[in-house]
Each structure stands twice: as structure tokens, then as C-alpha cells.
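Have a look at the structure below before the remarks.
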Amino acid sequence: MNIAELKDLTQSFLKTHGYNFKITGIENSILFSRPTGMGVSDEILIYFHTKGDEGYIDSRLGDLNAKYKGISGGESGRKFFLSLTSLAGDVLEEVKKHSFKYQVPVWFFDREFSVDKKTTPLKQLEERAREYETERIGQPYKIGTVIKKNDLLMDLLDEIEESENPCLRIIIAPAGYGKTVLMETLYTKMNEKFIKDKQEQVISRRPLLMLPGHIRQAKDLDSLINNFIGEEYEYGVINENTFKFMVKNNLAIWLLDGLEELILRIPEELIFALLEDYIVSGDAKAPQIVIAIRKPVLSTLPELKEYLQDYDKWIKIYELSEWGKEEKIAYFEKNLTISKDEIDNFKKDLTKSGPLNEICNVPYYCSLIADLKNNHEMQIFYDECELVKYATEKLCEREFSKDLDKDIFPVKKQLEFFKELAEESFINGKILKDILIEYAEIELSGVQETVKTNQISCLQRHALLTQVGEDFDIMHDIVRDYLLGLEFSEHLEKCNVKIFDIKEIEDDSFILRCLIKNSQVIGFNWEKIKAEILTFHSSPGDSAYGFRNVLKFILYIDPQNAQKIIKDMLSNRNLTGLTFKNIDMRGFEFQFSKLDSTRFEGCNLENANFSRCYFRNAFFSSKCVLTGALIKGAILDSIVDEKKERFDLKEIREYLYERTKVIPESKEPCQAVINLKRVLEKLARKDREFKLPKKFLIQTKCSGGISASRCVETAVKYGVLADDGIRIKIKSSLFDEVNDFVLNPKSKEIHASLHKILDDICLEVKTGCKHIYLEQ
Numbered sequence: 000m001n002i003a004e005l006k007d008l009t010q011s012f013l014k015t016h017g018y019n020f021k022i023t024g025i026e027n028s029i030l031f032s033r034p035t036g037m038g039v040s041d042e043i044l045i046y047f048h049t050k051g052d053e054g055y056i057d058s059r060l061g062d063l064n065a066k067y068k069g070i071s072g073g074e075s076g077r078k079f080f081l082s083l084t085s086l087a088g089d090v091l092e093e094v095k096k097h098s099f100k101y102q103v104p105v106w107f108f109d110r111e112f113s114v115d116k117k118t119t120p121l122k123q124l125e126e127r128a129r130e131y132e133t134e135r136i137g138q139p140y141k142i143g144t145v146i147k148k149n150d151l152l153m154d155l156l157d158e159i160e161e162s163e164n165p166c167l168r169i170i171i172a173p174a175g176y177g178k179t180v181l182m183e184t185l186y187t188k189m190n191e192k193f194i195k196d197k198q199e200q201v202i203s204r205r206p207l208l209m210l211p212g213h214i215r216q217a218k219d220l221d222s223l224i225n226n227f228i229g230e231e232y233e234y235g236v237i238n239e240n241t242f243k244f245m246v247k248n249n250l251a252i253w254l255l256d257g258l259e260e261l262i263l264r265i266p267e268e269l270i271f272a273l274l275e276d277y278i279v280s281g282d283a284k285a286p287q288i289v290i291a292i293r294k295p296v297l298s299t300l301p302e303l304k305e306y307l308q309d310y311d312k313w314i315k316i317y318e319l320s321e322w323g324k325e326e327k328i329a330y331f332e333k334n335l336t337i338s339k340d341e342i343d344n345f346k347k348d349l350t351k352s353g354p355l356n357e358i359c360n361v362p363y364y365c366s367l368i369a370d371l372k373n374n375h376e377m378q379i380f381y382d383e384c385e386l387v388k389y390a391t392e393k394l395c396e397r398e399f400s401k402d403l404d405k406d407i408f409p410v411k412k413q414l415e416f417f418k419e420l421a422e423e424s425f426i427n428g429k430i431l432k433d434i435l436i437e438y439a440e441i442e443l444s445g446v447q448e449t450v451k452t453n454q455i456s457c458l459q460r461h462a463l464l465t466q467v468g469e470d471f472d473i474m475h476d477i478v479r480d481y482l483l484g485l486e487f488s489e490h491l492e493k494c495n496v497k498i499f500d501i502k503e504i505e506d507d508s509f510i511l512r513c514l515i516k517n518s519q520v521i522g523f524n525w526e527k528i529k530a531e532i533l534t535f536h537s538s539p540g541d542s543a544y545g546f547r548n549v550l551k552f553i554l555y556i557d558p559q560n561a562q563k564i565i566k567d568m569l570s571n572r573n574l575t576g577l578t579f580k581n582i583d584m585r586g587f588e589f590q591f592s593k594l595d596s597t598r599f600e601g602c603n604l605e606n607a608n609f610s611r612c613y614f615r616n617a618f619f620s621s622k623c624v625l626t627g628a629l630i631k632g633a634i635l636d637s638i639v640d641e642k643k644e645r646f647d648l649k650e651i652r653e654y655l656y657e658r659t660k661v662i663p664e665s666k667e668p669c670q671a672v673i674n675l676k677r678v679l680e681k682l683a684r685k686d687r688e689f690k691l692p693k694k695f696l697i698q699t700k701c702s703g704g705i706s707a708s709r710c711v712e713t714a715v716k717y718g719v720l721a722d723d724g725i726r727i728k729i730k731s732s733l734f735d736e737v738n739d740f741v742l743n744p745k746s747k748e749i750h751a752s753l754h755k756i757l758d759d760i761c762l763e764v765k766t767g768c769k770h771i772y773l774e775q
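So for the sequence shown, numbering that gives the first Met the number 0 puts the first residue at 0; every next one is plus one.
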């Protein structure tokens with residue numbers, strides 16, 4: 000950085016606070032001013048020091064001081080002596096004499112967090128992070144299919160420090176793999192380095208970590224930023240524009256963790272805003288953003304997964320791996336406090352194949368086992384559900400030593416209480432403090448007032464809870480999912496399925512595993528449950544949460560009977576994200592259904608009817624039998640197997656013929672329809688005013704020689720899309736027609752402009768292609 004760059008950066012920075020700059024007439028100095036609304040301006044005078052101009056400093060500062068005092072607001076304003084280099088020894092006497100505040104850029108641009116606020120989410124993190132630092136070991140990870148044996152923490156620290164290009168780094172991991180441990184330790188390490196660099200007057204970047212406690216009622220990324228500022232900073236020290244300036248200019252590293260509630264609410268908008276407003280912004284200077292997401296969230300959001308694939312140029316994805324023998328041994332050697340002989344015997348038990356070894360593949364379970372072992376409470380566990388159940392009960396027992404009354408709240412009653420709270424967390428993304436108190440008061444009705452107050456206080460400090468701003472949540476995802484598994488089992492037993500229509504339950508989640516465990520002792524009336532879920536909205540255009548959630552339960556809990564239960568309920572449905580595994584589905588009817596990221600693993604699909612289905616990232620394993628399957632009039636967006644992802648229509652047709660042995664009748668939409676639909680659906684997913692940057696839209700993956708940019712340019716040419724040069728939207732007057740085309744294209748019903756686009760972009764139009772051959 001040279002002095003000119005420092006001036007520009009300073010000017011841009013102060014502009015975010017509403018300051019305008021004025022030339023002072025004296026070399027290397029600028030006056031910044033903003034109105035206060037009280038008739039007096041707020042003034043900041045800065046002298047930019049360059050190496051070797053020490054001989055001029057006294058006279059220049061003297062002249063500046065005199066001018067400054069003559070300005071309204073100058074007497075009470077601030078004066079900075081801003082230097083790119085640290086001056087040797089004491090601050091120059093001339094700087095002190097003229098009341099300038101000597102600073103280097105790392106001091107000037109950084110704004111300290113509040114020193115007065117005692118309970119902000121970041122301050123609460125500091126204590127947890129110290130615990131993580133003492134217990135964590137190297138966390139293995141992979142990028143794509145490449146296993147990295149290194150510690151992701153250390154590799155991230157190095158990569159971010161050395162990176163010269165903008166990058167959105169996404170860390171994905173199943174619950175319990177140490178995602179939060181990684182993110183909070185990453186923040187702590189970066190912050191330690193920043194403080195050290197700052198003390199040594201070395202230019203450095205402050206890490207800024209956003210946590211669940213910052214979400215509150217955030218509806219988008221900007222409101223999340225404002226929540227963070229309001230929670231962590233004193234009023235007026237920093238604002239939204241200042242925050243963006245710091246991130247975009249690489250003066251801060253932005254970390255986001257535990258924000259699944261917001262991601263599930265606005266998945267595409269959140270990733271899009273991170274990319275558009277920061278990573279690829281025209282005025283950005285290699286910003287670095289790290290966001291951690293639970294891996295199952297991607298399986299419930301196929302659109303988000305597609306987004307990440309389209310814009311992989313600016314994105315790097317890391318996946319935390321399960322632990323092997325080396326990590327397990329290292330963890331227990333570091334964290335067990337029992338005798339050496341006991342540790343050695345435990346390690347021998349651990350290395351034997353069996354349930355204990357299998358359970359310890361997940362880092363969180365290792366922490367539970369270490370805790371139980373250190374407290375001499377260990378017993379034999381045969382699966383993870385047993386372990387979590389036992390550990391949760393032990394945590395509840397320990398609360399008796401912290402004044403929770405054993406007679407009022409025995410372990411069984413605590414579990415019932417927290418099952419209700421876990422359901423609140425599932426519905427609202429957190430547990431409102433008022434709800435917690437209301438539930439507690441119901442349980443404590445008839446109890447003396449002083450005892451009630453004390454018990455409610457104990458419950459709010461319970462080891463199963465964590466603070467989220469003024470509210471609460473269950474301490475760990477796995478414990479919450481265990482409690483939800485118990486609660487949902489009871490709902491299914493009573494055939495009460497309304498709760499399942501609120502939002503999607505992640506595929507292969509611990510909730511499902513607990514349901515499977517409970518189903519061994521609970522009988523479910525699937526026919527009655529089936530009748531209930533068929534009352535839900537479940538067509539291809541609906542979110543179909545309840546329908547798909549309960550179908551998941553059936554497929555996981557009762558795979559032996561799944562065939563007869565689901566046989567007549569798979570046509571004209573939204574089957575997004577469902578997995579059908581080892582089921583005899585010969586002759587099943589799927590026609591008109593949405594097969595978006597739907598998986599068929601080892602199924603017999605002989606003579607199944609997939610006519611007019613929408614295939615997008617639909618997976619068929621090599622062990623699936625597809626002989627005789629009909630796929631007439633289907634929309635073949637993309638099909639996947641273990642070897643390849645196919646986007647090209649010709650290639651998909653050849654692949655399906657090879658698997659089905661049914662001669663294609665060319666009755667499905669052509670490549671032009673598929674590619675145009677793929678582009679337009681990104682704009683049609685939201686409302687009629689939704690816009691996307693053109694540079695993002697043309698990244699959409701298209702095949703068959705028809706590029707996304709060709710689709711976009713032609714749609715603009717025929718007046719379907721409006722292009723302002725940067726962003727593109729569907730013209731409001733045609734939004735309904737475009738949306739209908741995206742959801743269910745029909746040749747006799749689509750708008751004439753869409754037909755013109757297809758005629759223009761289709762490579763087979765000269766040989767008579769009609770684009771859409773769906774029967775009327």
C-alpha cells in the first residue's frame with residue numbers, strides 16, 4: 000500500500016460514516032466533514048505521513064492546526080497523524096504538540112468491539128473457545144473426493160493468509176463432526192494473530208464471526224449484519240456500510256456459523272448476496288468469507304446445491320471427514336483424565352471392531368464417551384442412540400448438584416420438558432425465553448413461589464441449553480435431534496402428522512435414526528398415517544414438506560412394507576430429495592412427478608412409468624433394473640449415476656435407452672426447452688420483481704450446444720427478460736406465463752414470445768423440431 004492508496008481507502012472508509020472530504024491546500028492532508036444536524040459540523044483532519052518528510056511535519060501541522068481552529072466544529076473535532084510505517088521510538092514531539100493522534104492503518108480502520116457489553120454472542124464464545132483449544136485435535140477433511148489428512152484449521156489459516164483472490168469458503172459437515180469447534184477455534188486463532196499484529200503496528204485483518212445469537216428476526220443478510228453490529232458494537236462506532244467496506248477491502252475476514260435457520264429461509268439469496276455484494280463485487284479487493292453449513296442442509300436444498308456448482312469459480316468447499324483410528328486415539332490420549340493403565344485398556348477396546356469403534360467415528364460421540372469415562376459412568380453401548388440417551392440422562396442427573404430439585408424435576412420429567420422445547424426449536428429455530436418460562440410454570444403449578452422462581456432459574460442454566468441472544472436453544476444438534484426423535488415418535492404413534500408439514504427434516508438425520516430405533520418398540524398405523532398425509536399439498540409445484548417427511552419415515556423405518564404402503568401414492572407428487580433403496584417397484588406409476596435429486600438405489604424399476612416426470616439430478620444406481628421403464632414426454636434436465644452427471648439431452652436419451660431397452664419416441668421436450676427452463680427457473684423461483692446479475696445467470700450449466708448466455712440474450716431480444724446492463728428480471732407482464740412454462744411447459748399454452756425464443760435457439764428447428772411434444 001502506498002500513500003495514494005491509503006488516502007483513497009481512508010476517503011472510502013469515512014464516506015461509509017457520512018463524511019465528505021475537502022482539500023486543505025497543504026500537501027498530504029485532507030479534512031473530512033459531516034453535518035451533525037445541530038448547526039455544527041463534525042470534523043476529522045488527517046495528515047498522511049510519508050517516510051522522509053519528518054523535517055516538514057512541525058510547520059505543516061502548525062498551519063493545519065491554525066486552519067482547523069477557524070472551522071465550525073474544528074475545536075471539538077478529531078485530528079489524526081496517519082502513517083504507513085511505524086515511527087521508531089516515541090511518537091514525534093510535533094505530533095503531540097499539535098494534539099494529533101498518531102495511528103497506523105491497522106489502528107485507524109479497526110473499530111474495537113464494545114468493552115461495556117458483557118454478554119454478547121462473541122464474548123460468550125471466548126470461554127467455549129478456550130475449552131475447544133484444550134480438547135481439539137487435528138480435524139481431517141476432504142475437497143471433492145480427495146481425502147486430506149491435514150488439519151483443516153491450520154490449512155484454512157494458511158490459505159486465507161496467503162490468498163490473493165476473492166473466495167467464498169464453505170465448510171460442510173454432518174452434525175457432530177466438529178463444525179462449531181472448527182469455526183470458533185478459527186475465529187480465536189485469527190483474533191489472536193490480529194491483536195498481536197495490531198500491537199506491533201502491522202497491517203492485519205480482524206475476524207468477524209456471526210453466530211446463531213445474531214440471527215434474531217433477521218430476514219436477509221443485511222438485517223443479520225445490523226443485528227451483529229447492534230449486538231457487538233457501541234452505537235455509532237460502525238454501520239452496515241462500514242462493515243461491507245471492511246470485508247470488501249480485505250480489512251476483515253467474515254466468518255458465519257450455525258445460521259441454518261436463515262439459510263433454510265433464504266438459501267439462494269444468502270449465497271447470492273455473499274457472492275454478488277462481496278466476492279465478485281467490482282470494487283472488492285480479494286475478500287475472504289467462510290461459512291459453515293450442516294451437510295444434510297444441502298440435501299434438502301437442491302437449488303442451493305446447483306447454485307454452488309454454477310459458481311464454483313469463486314467457491315471452495317471443504318467437507319469434514321469422520322475420524323479414523325489415528326484421530327480417535329489422539330483425542331482420548333489428550334482428553335481422558337483416568338489412569339494410564341485405564342487409558343491403555345480403553346484404547347485396546349476401542350481398536351477392536353464393534354459398536355464402540357463405530358460410534359467413535361463421529362467426533363461428538365468421542366467427547367460424550369470421554370466425559371462419561373472420566374466420571375466413571377461408562378457402560379457398553381451398541382449404537383449412537385443408546386449413547387446419546389445415556390449421556391443426556393447423565394447431564395440431567397448432574398443438574399441436581401446445581402440446585403434443580405430431584406423430586407420436582409426427576410430425569411424423566413426433565414426429558415419430557417426438553418422434548419417440548421426441542422419441538423419449539425424445530426418450529427421457530429430457537430426457544431423463546433417466554434415460552435420456556437411458560438412451560439416451566441405449567442410444570443411448577445402449585446409449587447411455592449420462591450421455589451418456582453429458583454427452579455425456573457435452574458432450568459435456564461441447564462446444561463442441555465445454550466443462550467441465543469435473549470432466548471435459548473438445545474446445546475447440541477444431536478441432543479436436539481434425539482429429543483425430537485422421541486417427540487416425533489409419539490406424534491406418529493398418535494397419527495398426528497401436522498407437525499411434519501412445517502419444514503423439511505434433513506435426510507439421514509439423527510431424528511430419523513432415533514425414529515428407526517423407537518419404531519422397534521412402537522407400532523405405527525401406516526394406513527391411517529397415509530390417509531392423513533394424502534390431505535397435505537403434495538403436487539410437483541408444492542413444497543410438500545409433510546408428504547415428503549412422512550414418506551422418508553416410511554422408507555427408513557419400515558422398508559420391508561414400504562412397497563405396498565407407497566405403491567399408489569407416487570404419481571403427480573413432489574418427490575424431491577427422497578431415497579428409494581432396494582425396493583421392488585416393478586410397474587410403479589410415477590407419471591407427472593418431480594424427481595429433483597431423487598435417488599433410486601438398487602431398486603427394481605422394471606416397466607415403471609416415468610412419463611412426463613421432471614428429472615433433475617435424479618440418481619439411478621448401476622444396480623437398479625430399468626428394463627421396460629417408460630419415460631415418454633419427460634423433462635430430462637439431468638440424470639446421474641455413480642460415474643457421471645449428464646446434462647446433454649442426446650447423451651441422456653442414449654443412456655436411458657441402454658438402461659430401459661425402450662426405443663425413445665422423441666416425445667420429450669427438446670434441449671432448447673430444457674436449457675431455457677433451466678435459466679428461467681432461477682428468476683421465476685421468487686416474485687416478479689426478483690433480479691439476478693447477468694454474469695451469474697449466464698453461469699447456468701447448459702448442454703447440447705445451447706449456452707446459457709444464448710438463452711438469456713434471446714429472451715431479452717424477444718422481450719421476455721428485462722436487462723438493465725447489470726441485472727436481469729422477468730418482465731412483470733409475462734411473469735405468470737414464464738412461471739407456468741417453468742413449472743409445466745405445454746405447447747398450446749406457452750406465450751408466443753417463448754415459442755420465438757425456442758425457434759431461435761433450437762439447433763434442430765430446421766429439421767422440424769416442435770420443441771414440446773407433450774400430449775394434450
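C-beta atoms are modelled at their ideal positions from N, C-alpha and C, and glycine is treated no differently.
Identity of the residue in the options nearest residue i by Cα
i, options, result
"P173", "N360, G229, K351 and L220", "N360"
"P206", "R726, K192, K117 and Q198", "K192"
"I22", "P34, I2 and L44", "L44"
"I292", "E318, E268, N608 and A285", "E318"
"L625", "S610, L533, E657 and V180", "E657"
"L696", "G323, C710 and D157", "C710"
"G576", "C513, D723, N1 and P295", "P295"
"I159", "K728, L185, F734 and Q138", "L185"
"F546", "I556, D557, N524 and L569", "L569"
"A3", "E268, Y18, E489 and I29", "I29"
"N164", "L210, L151 and K247", "K247"
"R168", "I278, G212 and G177", "I278"
"D41", "F12, R59 and G73", "G73"
Bridge-paired residues (DSSP) for residue i
i, result
"A172", "R293"
"D41", "R33"
"R645", "I638"
"C166", "Q287"
"F242", "F242 is not bridged to any residue."
Residue i, buried or exposed, once every other Cβ within 10 Å from all chains shown has been counted against 16
i, result
"N190", "buried"
"C761", "buried"
"D402", "exposed"
"S592", "buried"
"I441", "exposed"
"E422", "buried"
"D115", "exposed"
"M153", "exposed"
"Q216", "exposed"
"Q138", "buried"
"Q775", "Residue placement at Q775 is poorly supported in this model, since its pLDDT is 41, which falls under 50; the coordinates still yield a value, given next. That one is exposed."
"T119", "buried"
"V450", "exposed"
Integer Cβ distance of residue i from residue j, believed to fall under 8 Å
i, j, result
"Q698", "D309", "5 Å"
"R598", "F614", "Actually they are not in contact, since the Cβ atoms of R598 and F614 sit about 12 Å apart, beyond 8 Å."
"K96", "K78", "Rounded, the Cβ-Cβ distance is 12 Å, inconsistent with contact."
"I756", "L675", "6 Å"
"F331", "I316", "F331 to I316, Cβ: 30 Å. No contact."
"L208", "D157", "Actually they do not touch by this definition, with Cβ atoms about 19 Å apart."
"K730", "K690", "Between K690 and K730 the Cβ distance is about 12 Å, and since that is not below 8 Å, they are no contact."
"N495", "P301", "Not confirmed; about 29 Å, so no contact."
"D500", "Q454", "In fact, because the Cβ distance is near 35 Å, the residues do not count as touching under 8 Å."
(message) Report the start-end ranges of each alpha helix (DSSP H) in the region 452-508 that is 4 residues or longer and not cut off at the edges.
(response) 476-492
(message) Please give me, in chain order, every unbroken run of the alpha helix (DSSP H) with length at least 4 that falls completely inside the region 519-602.
(response) 525-532, 544-556 and 558-565
(request) Run through the region 43-119 for me and flag every whole beta strand (DSSP E) of 3 or more residues, listed as ranges in chain order. (result) 77-82 and 100-102
(message) To test your reading of the DSSP string, which unbroken beta strand (DSSP E) runs of 3 or more residues are found completely within the region 200-224?
(response) 205-209
(request) Could you name each continuous alpha helix (DSSP H) segment of 4 residues or more that falls completely within the region 334-388, going from the start of the chain to the end? (result) 339-350, 354-358 and 362-373
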